[in-house]
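Have a look at the structure below, then the notes.
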Ligand SMILES: Nc1ncnc2c1ncn2[C@@H]1O[C@H](COP(=O)(O)OP(=O)(O)OP(=O)(O)O)[C@@H](O)[C@H]1O
Ligand SMILES: [Mg+2]
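Residue numbers (my numbering), protein chains in the order written: chain L, 6 to 407; chain E, 34 to 257.
Below is the structure:
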């Protein structure tokens, strides 16, 4: 028997009993749709997290003094012995690396800030012009710190909105002078509200040029160096460049810690990927259920079609012909179900996308391939028993039953 | 040429053995027209099924055209049956979801004959059995006589040498039955072997050679 004829015959059978066919199609499509929908939710969640990290500046590499064994942990939870200081020269030396786009050294301290009689204790950050780009800061008024040689400083500062309010009490802060300790700074900019950044509320900080902060706090030691790699792919290179350059400058000692947000992200990525796979696998169980349904429906069909099977044998069908017909029937049903299921899954994905527009629901490629493939395989696998039973049917007895 | 010698067929029902055939020995020459009569349960259908290779004897030997077909496996039996044997049944056994034409085509489909060739042969068969108008009809839109014509055309579609008919008129009125017999006999006139099982003496008498069975044995073999 030709394959095209086998398919055609199976197609007629499938069309001949629409109720049965619809039932199987429904079961199959639910299975496939479940796999596609569930895994696209998982993948959506994964992409969402990845994108969120991306918007935070995924290319960010943070260098801090001291060797920490808790690599990958967030800054601030380090346990290490008193390290050699990280200096401005160390930071500037990092510019040798081609993987680094820009960097900003950072000094942090608490300052007694006052304007006339008004005073306030605030965190004071010393840094360079590049901090603005690295932390994606925005200005409400004026400008950020001027660029120029970080070793020399102008007496200027940038302040948070709340600081401006409290110190200038509604007066325009821009262009006015304030004091930190006994030094005078002219306000050149007011920060736009940004919420938490690097553990500080940007509304409540004062940013001064690095050299000024060094003088204010009487220290050469940097708190951090913030580094931005040229691209996500360059992060690893940037990291190893930083380690190499600093080891060389620190007499061969590895006494700094380099943290990439990418490491944290990679962990999230792995967890969410595994989760997607797991829920996809769970949904695939419904495919097995559909397979069992196919088997039962086919077994019933063998009983119902005894006469026809006996007739086909009397007309010269071999056992192989009969089995092929049943497999073709199962495969057709599974393919139909899979197509419907993919469509339904796509629809579900669109609906979820409407409900939660910020999450990019997309089924992962493996689900789109694996779900229909599993559907067809289970269908054919579960129709082995019915097909064999049909092929073994004794034609005489099958024909005599009327 | 069909040659049966010492054919036994024993059915086991529980621990009872039913001897449906007891040592049937029979030669049928090519182109013969036989009728097979006898009381119900005498083994006529069993013998016909054995000749048609739908069943295997419990003992004895079966030669078809000089080839021993007693011990062929199922698939070989299917192929021999497909090439050499055509069946016509009392209840027509047409596939209800297929049209008359498609039913006639079925053995050719099973044999893997190319669609173009099938189409030509089908056209010839439809013309030969006067079914051109009915080719697109389904069995439930046909009369009993037309159904049996379709079944005969189907049995003939692979051009077999032997046609086996088990009570082909059993489900038809007298007049239609005689029509159907006339159609079947055309097969014989064209040189084919025809074996007809029947309860109707008048129909049995039309055959040149008449066998009678009782209790699984062939008790008489008349010819004129
Ligand atoms: N599959 C079977 N299992 C058990 N016994 C069977 C089977 N097929 C036939 N028989 C028995 O074999 C005997 C012969 O049956 P068969 O059908 O050949 O008779 P028949 O001459 O065709 O009768 P009828 O004229 O009623 O069709 C009967 O006793 C029947 O009960
Ligand atoms: Mg009978």
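Backbone N, C-alpha and C fix where the C-beta goes; we use that ideal spot for every residue, glycine too.
Buried versus exposed call for residue i [16 or more other C-beta atoms within 10 Å across all chains shown]
i	result
residue 77 of chain L	Its pLDDT being 47, under 50, residue 77 of chain L is placed unreliably in this model, and the coordinates cannot settle the point.
residue 88 of chain E	buried
residue 309 of chain L	exposed
residue 321 of chain L	buried
residue 317 of chain L	buried
residue 407 of chain L	Per-residue confidence for residue 407 of chain L stands at a pLDDT of 47, beneath the threshold of 50, marking its modelled position as unreliable; the derived number appears in the next sentence. Residue 407 of chain L should be labelled exposed.
residue 329 of chain L	buried
residue 260 of chain L	buried
residue 172 of chain L	buried
residue 297 of chain L	exposed
residue 234 of chain E	exposed
residue 106 of chain E	exposed
residue 65 of chain E	buried
residue 388 of chain L	buried
residue 35 of chain L	buried
residue 374 of chain L	exposed
residue 208 of chain E	exposed
residue 39 of chain E	exposed
C-beta neighbour in chain L for residue i, strict 8 Å
i	result
residue 159 of chain E	no
residue 72 of chain E	no
residue 163 of chain E	no
residue 172 of chain E	no
residue 128 of chain E	yes
residue 120 of chain E	yes
residue 257 of chain E	no
residue 49 of chain E	no
residue 145 of chain E	yes
residue 37 of chain E	no
residue 111 of chain E	yes
residue 115 of chain E	yes
Closer than 8 Å to chain E by CB, residue i
i	result
residue 376 of chain L	no
residue 325 of chain L	yes
residue 404 of chain L	yes
residue 342 of chain L	no
residue 316 of chain L	yes
residue 307 of chain L	no
residue 407 of chain L	Per-residue confidence for residue 407 of chain L stands at a pLDDT of 47, beneath the threshold of 50, marking its modelled position as unreliable; the derived number appears in the next sentence. Yes, residue 407 of chain L lies at the interface with chain E (some Cβ there is under 8 Å from its Cβ).
residue 393 of chain L	no
residue 313 of chain L	yes
residue 10 of chain L	yes
residue 33 of chain L	no
residue 347 of chain L	no
residue 373 of chain L	no
residue 23 of chain L	no
residue 2 of chain L	As shown, chain L starts at 6 and ends at 407. That puts residue 2 of chain L outside it, with no answer to give.
residue 328 of chain L	no
residue 296 of chain L	no
residue 365 of chain L	no
Segment limits, alpha helix (DSSP H) that includes residue i
i	result
residue 355 of chain L	324-360
residue 320 of chain L	That residue, residue 320 of chain L, is in no alpha helix (DSSP H); it is neither H nor E in DSSP.
residue 110 of chain E	107-117
residue 94 of chain L	93-98
residue 208 of chain E	207-222
residue 190 of chain L	Element bounds for residue 190 of chain L: not the alpha helix (DSSP H) but the beta strand (DSSP E), 188-196.
residue 210 of chain L	Unbroken run through residue 210 of chain L: none, as it is neither H nor E.
residue 184 of chain E	177-189
Range of the contiguous beta strand (DSSP E) that encloses residue i
i	result
residue 181 of chain L	No beta strand (DSSP E) holds residue 181 of chain L; DSSP gives it neither H nor E.
residue 38 of chain E	35-46
residue 5 of chain L	The structure shown does not extend to residue 5 of chain L, since chain L is modelled only from 6 through 407, so no value can be given for it.
Residue i at chain A interface by Cβ criterion, 8 Å
i	result
residue 62 of chain E	No chain A is present in this structure, whose protein chains are L and E.
Going along the chain, which residues put their C-beta within less than 7 Å of some heavy atom in ligand 2?
Working through the chain, the matches are E:77, E:78, E:199, E:200 and E:230.
Just checking, does the region 220-231 of chain L make contact with the region 129-139 of chain L on the three C-beta pairs under 8 Å criterion?
These segments touch.
Please determine if the region 90-102 of chain E and the region 113-129 of chain E are in contact, where contact requires at least 3 C-beta pairs separated by less than 8 Å.
The region 90-102 of chain E vs the region 113-129 of chain E: in contact.
On the three-pair Cβ rule with 8 Å, is the region 362-374 of chain L touching the region 25-34 of chain L?
Proximity of the region 362-374 of chain L to the region 25-34 of chain L falls short of the contact definition, fewer than three beta-carbon pairs being nearer than 8 Å.
Stretch-stretch touch, CB-based, cutoff 8 Å, three pairs: the region 277-297 of chain L with the region 34-49 of chain L:
Touching, per the Cβ criterion.
Closer than 8 Å is the cut-off here; do at least three beta carbon pairs connect the region 232-247 of chain L with the region 206-217 of chain L?
Output reads no: the region 206-217 of chain L does not touch the region 232-247 of chain L.
Quick check: the region 96-109 of chain L against the region 263-282 of chain L, are at least 3 beta-carbon pairs closer than 8 Å?
By the Cβ criterion, the region 263-282 of chain L is not in contact with the region 96-109 of chain L, since fewer than three pairs of Cβ atoms, one from each stretch, lie closer than 8 Å.
Would you call the region 332-352 of chain L in contact with the region 129-143 of chain E, where contact means no fewer than 3 C-beta pairs closer than 8 Å?
Output reads no: the region 129-143 of chain E does not touch the region 332-352 of chain L.
At a cut of 8 Å, does the region 123-142 of chain E reach the region 177-187 of chain E through at least three beta carbon pairs?
Contact between the region 123-142 of chain E and the region 177-187 of chain E is present, because at least three Cβ pairs lie under 8 Å.
Are three or more beta carbon pairs between the region 136-150 of chain L and the region 276-286 of chain L nearer than 8 Å?
Contact fails: fewer than three Cβ-Cβ distances are below 8 Å.
Does the region 243-255 of chain L come close enough to the region 156-174 of chain L that 3 or more CB-CB pairs lie under 8 Å?
Result no; under three Cβ-Cβ pairs closer than 8 Å.
Are the region 198-205 of chain E and the region 227-243 of chain E touching by the rule of at least three beta carbon pairs closer than 8 Å?
By the Cβ test, the region 198-205 of chain E is in contact with the region 227-243 of chain E, since at least three Cβ pairs between them sit closer than 8 Å.
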